[in-house]
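Chemist: After the structure tokens below, expect a handful of questions from me.
Residue numbers (this note's numbering): 64 to 767.
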């Protein structure tokens with residue numbers, strides 16, 4: 064294709080016409096309640112900053128409201144219940160509430176029972192902490208909105224979203240709403256239904272978060288039981304119960320008790336829910352790994368729409384601007400689809416969309432360095448195969464088991480006289496270590512001979528000999544750069560109160576699920592510890608409450624029962640990164656797209672496919688690969704524009720590193736038609752070499 068043909072404008076004009084026709088289809092709303100179209104820049108927003116609400120049991124709190132000033136459709140604006148996280152109030156949700164209102168939603172946020180203004184209004188009343196009262200409160204907030212704002216709001220179209228504590232509320236809405244509540248003294252009529260939920264940064268298995276594996280205590284649990292805890296006032300009897308289980312070192316008893324508290328069991332309700340769920344989780348989250356998230360979504364009915372996006376940010380993990388921006392775009396897409404009848408089938412996109420942890424901490428903590436994006440139809444991916452390394456003497460991880468007895472390694476745990484959980488409650492990590500020294504032994508693999516990709520759950524099996532029945536072993540997996548810098552990838556622990564002291568025993572330590580691309584020359588390191596210590600960001604601190612009694616553990620390296628580390632590995636898949644998630648209609652900037660794979664892909668032919676219909680359902684293309692993009696007329700048309708001034712580099716050959724760059728330059732088409740406002744442009748990479756295809760995760764850019 065020649066530059067003269069571009070100059071004639073025929074292809075550009077055709078592209079614009081096709082953009083318009085497809086956008087009219089993609090953006091057309093369905094259903095009886097049609098909202099006014101969102102203008103460029105969003106609606107002007109009306110705010111009611113604080114209003115007192117009294118629940119049916121007399122308890123009081125305050126709420127804030129944001130909604131468009133424009134006249135709503137005949138049904139009113141769809142309602143978003145935006146629940147703040149622990150330690151936050153509705154004031155903290157203002158930026159997101161205003162952003163959602165600008166996109167055509169009525170947003171209500173309120174202070175959760177026994178927190179914020181609610182704690183001040185009713186200081187004598189505590190909370191059972193995410194139980195039936197909180198779910199009834201949430202239902203009554205929706206009914207309050209219906210009564211107070213009948214023309215502005217449409218409470219037949221409700222979603223619940225939130226971070227951390229707000230995520231637990233969203234899970235509860237999916238589990239309970241639209242059904243009769245569990246037996247209680249406050250409410251018998253059914254909870255109002257919800258159209259969709261977006262729980263972010265907390266799994267629904269609250270009991271399992273507080274009591275990891277059913278036999279340990281989350282590090283944060285002793286602090287939450289303090290009478291003067293700054294974030295939440297617990298019900299006195301409930302707080303006393305928690306203290307009793309901690310004092311007795313009875314994690315199993317606490318697990319059973321928490322499951323008995325009315326409303327805390329969300330898993331049972333989720334097994335029958337039909338509510339669409341977009342769940343957002345974070346790697347290295349200080350409270351839990353992503354395994355609980357994967358398990359929760361796997362338990363849903365097959366027909367229930369669900370997606371998982373794994374990123375970094377919040378709960379102690381590094382913030383990353385592009386990943387946070389995508390989080391917000393995915394949230395908006397989900398609400399538009401299920402509350403406004405948007406036509407893009409966002410629920411058919413990749414079931415698991417995950418950014419791979421960088422193996423180098425300097426990139427993990429960089430706010431904009433492009434992490435590698437992954438899309439999975441199932442997780443762990445079926446092509447990830449376990450590779451085993453055996454613990455050996457001299458701190459080695461080797462591919463072969465010992466032929467003679469080596470070691471053992473010793474993990475020693477000592478506690479200062481009289482130091483217990485009550486002291487731990489008030490001490491920071493450094494202070495705790497003065498009374499309970501942190502001791503470690505490490506084992507490191509040889510350097511990788513080629514780039515590999517970790518995708519799944521790392522597991523360590525250890526043969527141990529304990530001197531006391533009560534022991535705790537922490538395990539942390541890290542990537543190690545050629546220069547020796549460590550990037551934690553996963554952490555886990557084993558704890559028992561019934562270890563055999565008369566001989567060797569086999570224990571399994573699950574370090575948790577992770578995704579990471581290890582370049583050639585990098586290594587893996589397993590760190591075994593007398594305490595379970597995590598590093599979500601740049602600082603180490605506990606994941607589990609440590610043991611308060613002395614013990615020694617020997618880790619054996621014997622031929623008959625070797626200790627080993629197993630990590631699921633696969634070939635490196637290609638990925639595409641884009642510097643922004645939005646593109647201006649009036650003056651679209653030129654975006655540079657970076658395509659990365661591995662040196663084994665050098666010389667491959669690549670194509671960057673484009674469409675505006677959606678990312679799914681995917682297209683099978685051979686070699687067991689899925690293209691996460693719905694081909695449409697735009698796909699065909701834009702293929703005719705590749706490697707010209709609009710899409711230079713969209714077809715080409717990968718360099719010796721398995722990489723390439725392309726440009727998305729829609730400036731010659733500017734100004735783009737207004738009907739494209741809010742439409743997503745999807746781009747997915749496709750590689751071909753030696754008769755085999757490879758695909759990567761799609762990226763999206765929204766027209767604004």
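Yeah, the Cβ is synthetic: ideal placement off N, Cα and C, and Gly gets one too.
Out of 179, 126, 286 and 183, which one is the CA nearest neighbour of residue 170?
Modeler: It is 126 whose Cα lies nearest to the Cα of residue 170.
Chemist: If you run the structure through DSSP and keep just helix, strand and coil, what is residue 399?
Modeler: Helix, per DSSP.
Chemist: DSSP has residue 603 in a bridge; who is on the other side?
Modeler: The partner list for residue 603 (beta bridge, DSSP) is empty, contrary to what the question assumes.
Chemist: Under the rule that 16 or more other beta-carbon atoms within 10 Å means buried, what is residue 513, buried or exposed?
Modeler: Result: exposed.
Chemist: Express the C-alpha separation of residue 271 and residue 525 in angstroms, rounding to a whole number.
Modeler: Residue 525 and residue 271: Cα-Cα distance of roughly 24 Å.
Chemist: Using a Cβ distance threshold of 8 Å, determine whether the segment 563–576 contacts the segment 480–499, with at least three qualifying pairs required.
Modeler: These segments do not touch.
Chemist: For residue 612, which residues from the same chain have a beta carbon less than 7 Å from its beta carbon, with the 5 sequence-adjacent residues on both sides left out?
Modeler: Answer for residue 612: 478, 531 and 533, listed in chain order.
Chemist: Reducing DSSP to helix, strand and coil, say where residue 217 ends up.
Modeler: Of the three classes helix, strand and coil, the one that applies to residue 217 here is strand, per DSSP.
Chemist: Classify residue 71: buried if its beta carbon has 16 or more other beta carbons within 10 angstroms, exposed otherwise.
Modeler: For residue 71, the predicted structure reports a pLDDT of 36, less than 50, and the residue's modelled location is therefore unreliable. A value from the coordinates is still provided. With fewer than 16 other Cβ atoms within 10 Å, it is exposed.
Chemist: In terms of residues, what are the limits of the beta strand (DSSP E) holding residue 572?
Modeler: From DSSP, the beta strand (DSSP E) with residue 572 extends over 568–581.
Chemist: Could you tell me if residue 747 is buried or exposed, where buried requires 16 or more neighbouring beta carbons within 10 angstroms of its beta carbon?
Modeler: Flag for residue 747 reads buried.
Chemist: In terms of DSSP beta bridges, what is residue 212 paired with?
Modeler: Note: residue 212 sits in no beta bridge, so no partner.
Chemist: Taking the alpha-carbon of residue 226 as reference, which of 704, 262, 199 and 606 has the nearest alpha-carbon?
Modeler: The residue with the shortest Cα to Cα distance from residue 226 is 262.
Chemist: So, residue 139 versus residue 217, is the Cβ gap smaller than 8 Å?
Modeler: Taking 8 Å as the Cβ cut-off, residue 139 and residue 217 qualify as a contacting pair.
Chemist: Is it the case that the CB of residue 422 approaches a heavy atom of the ligand COA more closely than 7 Å?
Modeler: Annotation note on the ligand COA: not contained in the displayed structure, which lists no ligands.
Chemist: Alpha carbon to alpha carbon, how far is residue 365 from residue 682?
Modeler: Cα-Cα distance, rounded: 20 Å.
Chemist: Report the residue ranges of all alpha helix (DSSP H) runs contained in full by the segment 265–338; include only those spanning at least 4 residues, in chain order.
Modeler: Within the segment 265–338, the complete alpha helix (DSSP H) runs of at least 4 residues are 269–273, 284–287, 299–310, 314–323 and 330–333.
Chemist: Got a sec? Which residues, its chain only, sit under 6 Å from residue 161 by beta carbon, not counting five neighbours each side?
Modeler: 108 and 129, listed in sequence order.
Chemist: Report yes if the C-beta distance between residue 503 and residue 458 is below 8 Å; otherwise report no.
Modeler: Against a cut-off of 8 Å, the Cβ pair of residue 458 and residue 503 comes out as no contact.
Chemist: Hey, residue 709 and residue 666 are a contact pair by Cβ (cut 8 Å); roughly how many whole angstroms apart?
Modeler: That belief does not hold up - the Cβ atoms of residue 709 and residue 666 are roughly 26 Å apart, past 8 Å.
Chemist: Less than 6 Å between C-beta atoms, sequence neighbours within five positions excluded: which residues of the same chain meet that for residue 408?
Modeler: Excluding residues within five positions, the ones whose Cβ falls inside 6 Å are 677.
Chemist: Note the first and the last residue of the continuous beta strand (DSSP E) segment covering residue 620.
Modeler: Here the beta strand (DSSP E) through residue 620 covers 614–620.
Chemist: For the alpha helix (DSSP H) containing residue 696, name the first residue and the last one.
Modeler: Counting along the chain, the alpha helix (DSSP H) containing residue 696 begins and ends at 696–702.
Chemist: I'd like the list of long-range same chain contacts for residue 110, defined as Cβ closer than 6 Å, with 5 residues on each side in sequence excluded.
Modeler: Closer than 6 Å at the Cβ level, and outside the excluded window around residue 110, lie 129.
Chemist: Assess contact between the segment 381–388 and the segment 734–743, defined as three or more Cβ pairs (one per stretch) separated by less than 8 Å. Is contact present?
Modeler: Taking 8 Å as the limit for Cβ pairs, the verdict is that the segment 734–743 does not touch the segment 381–388.
Chemist: Tell whether a beta-carbon distance below 8 Å holds between residue 688 and residue 758.
Modeler: Yes; because the gap between Cβ atoms is below 8 Å, this pair is in contact.
Chemist: In whole angstroms, give me the CA-to-CA distance for residue 718 and residue 725.
Modeler: If I take the Cα positions, the gap works out to 13 Å.
Chemist: How many angstroms separate the CA atom of residue 87 from the CA atom of residue 738?
Modeler: Reliability fails at residue 87, whose pLDDT of 48 lies under 50, so the model's placement of it is uncertain and no value is given.
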